[in-house]
Amino acid sequence: MSFKQMFLPIGIVACTYIFTFLKYFDQSTSNSQIVSNPTLVIPALLLYALNIAAISIFMELVAKHVSKKYVTWPLRCAVFMYYLFIIITCVFDEENSNEMQQIASQYYYNIYYFRSPSYFNDELSITGIKPEESVAGKVMQNIVARSLSHWIIIFAGCFVVGAFLITFTIKYSIKGKKAKKHSVGLKFEANPKPKTKQNSKYLQPIGLAVIIIDVITMIVFFAKDSDGIRMVAPAHWNFYKSHFKPRFSRQAYIDAVQQYRSQNQLKEGYDWIDQRDTPIFPIVYAPKKVVCSYNPQLAYCPSTIPVAAVPYESPNVVVVVIESFTPGPMMLDDKVVESQDPIVDGPLYKEVYLPTMKQLSETGTSFSSLSSNGLPTVFGWYSLITGEIPYSNSINMMQSIFNDVDDFPSFFRQQGYHSMYISPSNLAFDGKHNWVFRGKEVVRNNPDLKEFPLWFDDVVQYFPNEAQAAELGVEKSLYQTWIPDRITSAQFIKYFEEAKTQSGKPVLGVWATVDTHMPFTGQDDLKFYEPFKFGTGVESIQEKHKVDRYTTVAKYADHYIGEVVDYIKQNHNNTVLVVLGDHGAREVPLLKNEQVDPRDPNSAFYDDSCNNQPFSNDQLFTTTAVINYFGDNQQLKDKFDALKSKVIKVPTDHQDMIRTLYDLVEDSTDKHLASSRNGRDLLELAKNLTTNQLLRAHWSLRSTTLYSELATESTLYRYHSLGAYGEQFAGIYPTCVTGEIRPEVTAAQHKQFRNYQKLFDYLQRDNKQFSYKFRDENCVLPKTCDFPVNGEAYNKNDPLKYAMIVIFAGVGIGLLSYFVDALIRKLKQKKTVVLVEQNEILRQDLIME
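So the sequence shown is numbered by full-length UniProt numbering: it starts at 1 and just counts up by one.
Structure (structure tokens):
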């Protein structure tokens, strides 16, 4: 066997090895190790080599025994496509892990490279001008520009490998002579030269052993939910497995439900709504008067009589979602950084960096350790809006399209609110268009699509034309992709005023900002940014430049948040305001607090090197948040004034903040609805901390497919989603403080955390986390109601599924052709033997005569 004959599979293996090494030894944009244990690169490399060798040997065996060249053509084409897919997926997996902290799955291709279809009619509620093009191109430009040399090497390498594959195939498969027919793989000539006895004795058994080992390994991988195998598995195996639903035995499922319920203590007067032996909706909870409507057999039900509360005027609710927001310790008040107490008096932010946010933290309640439940926006934004926790191996934004979710836009509309959403980007990017326009069936795409409650009355995405952009002073290269906060803040004020005036209802206003999006160069014309230099405390010029950029755009965003705050204060006296980030900043260095003297052994200071250790990173999920009330409603004032200028340091998250808004609104309307939000009332939490009361048991989860955090009612653990190694108890934000003890997470804890995460995956992939029918206001004692039955979860085919079908169809046709050809040859051989025997008998008869 010549080197030329082995060159193709060796080239494929070499290409996968390059990107596998990058994944195991490189750091992500958030300065964290992509894989927690680099020594696992050895089994990862072996599995790649095993799979590619098995395919090549299999093709050689088929080609060697098939008499007709055309018989193996479907199989050759399928194997060629398979090789190409291995390389593409390997490259994409490394880059996705680096940029997004997520392993590759089919839905990433759908979200970022194929435009996902629109299932809802966006003409019903949209206000403004639609963009002319997708923002995806601009995102990719930013990513490439940020690491130009890195991407030049990748593109050049992919081009060389692709050109080689095409040339090799044309030269040796299409143009090859009859005497050299062979597979796309290890090439053996049709009429090989005689081999030594030793070669003929060992070659075929070894090849068969490789194939058998590869098949067994794949069966184990797909049949067993093992994080250890997933961590070292080739990228294309994980890609395939993203199509698979998590599996639970009945008893394992019941145990997981019991674990979840024991770790999340509900507030007084609430209970789990599904009390069946094997609950279908295990995490939905409701007031007991609602629970009894579905479970009249419960002992407490006869005495549970609905008591009418005294409603009050519902406040307006404004939610400002800051893009990629993680204020580092240098941007936080020194007292907050130094203190390890769960609650601290004083503002959270420094005025020099974030003057508006400092003012809000002085008049409201702040949460220094509040986190998103996922990142990037495709996960963080989604979890905030819908209440679903990110899948561990897929994308909810795509795969949950048909799910019933406990979304807060439709919740507020049911409570009597007019809802509006201000978007700075094309909603088709990240697949948001299939969510913000929920509420109307689009027959042309899916005639059987069930109806969902309407989310937003108004959706504003304004993209000026060239003349308007010039008049507004918008950066020319950006006016059709991302609209700066200066413009969207003015839009928010304009449409909020219109909604309030014309609807006569309380208004839910959601405004998403964009200027703090990486690479932190802003979206507006440079003249609108105030130059900000960090000064001392930065050793690296590169880090200094990045910090300067981030503080500049953060202060810009803070300024326009201030304009919205001033408008609310002056014009709408009864308003609850929440400001939080959609996820962490990821790649901004969280530098030490320069004003704390590290020479003082009694002084805590932030150690930036801590960020480079596995799972020690504060900039993935942590965003911080602040909540305020502007108005004269005495019931609301009493709640907020008692917590004025308090900073809560225990871990909290997006679900807690939305649950807090739910409680505020339900108290005002006396419409207490069922919910699946895994959250606590933060005002109640803060009150309990100030009075030293025992906190209710509560577990919450934030995750990517690589990194996860699990927070209890007062602590935080960080672990790798695909294996227990180097995991740590993280404490409270900022976690990288000298002198803090950081014990590792045990293997038993890791298993417990992963089972907790698996339950969310299982429920969401089966559309069993929530049902909109639980919001039926008539299902209250004394009326009884039946448990709902949800529709099927999203399971539509897409271009990549079709490509996979083509590959496996080619393999199937090739195998069928091989067996048919082998059968024909066997029959011919048998017929020949019969003829020979007959001739021999005839010859013997003639001799006898």
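Think of the CB as a built atom: it goes at the ideal place given N, C-alpha and C, for glycine as much as any other residue.
Excluding five sequence neighbours on each side, which residues of the same chain lie with their C-beta closer than 6 Å to the C-beta of residue i?
| i | result |
| --- | --- |
| L508 | V317, F412, Y417, S419 |
| F58 | I211 |
| F19 | C90, V91, E94 |
| V647 | V336, V344, L348, S366, S368 |
| T16 | Y48, C90 |
| A44 | T20, V232 |
| E666 | H672 |
| N755 | A256 |
| Y83 | I12 |
| S361 | P347, L348, Y349, V626 |
How should residue i be labelled, buried or exposed, when 16 other C-beta atoms within 10 angstroms of its C-beta is the threshold for buried?
| i | result |
| --- | --- |
| F244 | exposed |
| Y300 | exposed |
| T516 | buried |
| residue 879 | What the structure shows of the chain is the stretch from 1 to 849, and residue 879 is not part of that stretch, so it cannot be assessed. |
| T386 | buried |
| N573 | exposed |
| I841 | exposed |
| A674 | buried |
| T501 | exposed |
| E709 | buried |
| A554 | buried |
| K768 | buried |
| V789 | exposed |
| S400 | buried |
Taking the beta strand (DSSP E) that residue i falls in, what are its first and last residues?
| i | result |
| --- | --- |
| I422 | 418 to 422 |
| T575 | 575 to 581 |
| L620 | Counting along the chain, L620 falls outside any beta strand (DSSP E), and DSSP gives it neither H nor E. |
| A711 | 707 to 711 |
| W511 | 507 to 512 |
| H720 | 716 to 720 |
| D458 | 458 to 460 |
CB-CB under 7 Å to residue i, same chain, minus the five flanking residues each way: which ones, in chain order?
| i | result |
| --- | --- |
| L427 | H433, V436, Q461 |
| T29 | N98, E99, R586, E587 |
| Q542 | Here the model assigns Q542 a pLDDT of 47, short of 50, so the residue's position is not dependable and the matter cannot be decided. |
| R549 | F520, T521 |
| T705 | Q102, I103, S392, N393, S721 |
Would you please state the rounded distance, in angstroms, between the beta carbons of residue i and residue j? I believe it to be under 8 Å.
| i | j | result |
| --- | --- | --- |
| P424 | T513 | 7 Å |
| S369 | V579 | About 16 Å separates the two Cβ atoms, so there is no contact after all. |
| V257 | F770 | Actually they do not touch by this definition, with Cβ atoms about 15 Å apart. |
| G584 | I322 | In fact, because the Cβ distance is near 11 Å, the residues do not count as touching under 8 Å. |
| A286 | A104 | No, A286 and A104 are not in contact; Cβ-Cβ is about 39 Å, not under 8 Å. |
| L683 | T660 | 6 Å |
| N396 | Q764 | 7 Å |
| N264 | H654 | Not confirmed; about 16 Å, so no contact. |
| D271 | V284 | Actually they are not in contact, since the Cβ atoms of D271 and V284 sit about 10 Å apart, beyond 8 Å. |
| residue 854 | Y707 | The shown model of the chain, from 1 to 849, leaves out residue 854, and the question about it has no answer. |
| residue 852 | I561 | Lying before the first or after the last residue shown, residue 852 is absent from the chain, which here runs from 1 to 849. |
| P376 | L354 | Wrong, their Cβ atoms sit about 22 Å apart, outside the cutoff. |
Between which two residues does the alpha helix (DSSP H) holding residue i run?
| i | result |
| --- | --- |
| H433 | 433 to 436 |
| V232 | 227 to 232 |
| F496 | 485 to 503 |
| N628 | No alpha helix (DSSP H) holds N628; the beta strand (DSSP E) holding it covers 625 to 630. |
| L472 | 466 to 472 |
| Q701 | The sequence shown places Leu at residue 701, not Gln. First-last for L701: 700 to 703, but that is the beta strand (DSSP E), not the alpha helix (DSSP H). |
| S400 | From DSSP, S400 is part of no alpha helix (DSSP H); its letter is neither H nor E. |
| F528 | From DSSP, F528 is part of no alpha helix (DSSP H); its letter is neither H nor E. |
| F770 | Segment: none, F770 is in no alpha helix (DSSP H) and carries neither H nor E. |
| A235 | 235 to 241 |
Below 8 Å CB to CB, which residues in the same chain sit around residue i once its five sequence neighbours on both sides are set aside?
| i | result |
| --- | --- |
| S293 | C779, V780, L781, K783, T784, C785 |
| A54 | V210, I211, I213, D214, V215 |
| V564 | V318, V320, S489, F492, I493, W511 |
| D457 | S125, R413, H418, S419, M420, A499, S503 |
Under 9 Å, Cβ to Cβ, is there at least one residue of chain C near residue i?
| i | result |
| --- | --- |
| Q263 | Any reference to chain C falls outside this structure, which holds one protein chain only. |
Practice prompt. Pick out the complete alpha helix (DSSP H) segments inside the region 637 to 690, 4 residues or longer, and give them in chain order.
Written response: The region 637 to 690 contains these whole alpha helix (DSSP H) runs: 654 to 669, 682 to 690.
Item to complete: Please list the segments of the alpha helix (DSSP H) lying wholly inside the region 359 to 388, counting only runs of 4 or more residues, in order along the chain.
Response: Entirely contained in the region 359 to 388, the alpha helix (DSSP H) runs reaching 4 residues are, in chain order, 377 to 386.
Worksheet item: Can you give, in chain order, each stretch of the beta strand (DSSP E) that sits fully within the region 248 to 326 and has at least 3 residues?
Response: As far as the region 248 to 326 is concerned, its whole beta strand (DSSP E) runs of at least 3 residues are 270 to 272, 285 to 287, 316 to 322.
Worksheet item: Which residue spans inside the region 328 to 353 form an unbroken beta strand (DSSP E) run of at least 3?
Response: If we require 3 residues or more, the beta strand (DSSP E) runs fully inside the region 328 to 353 come out as 343 to 345.
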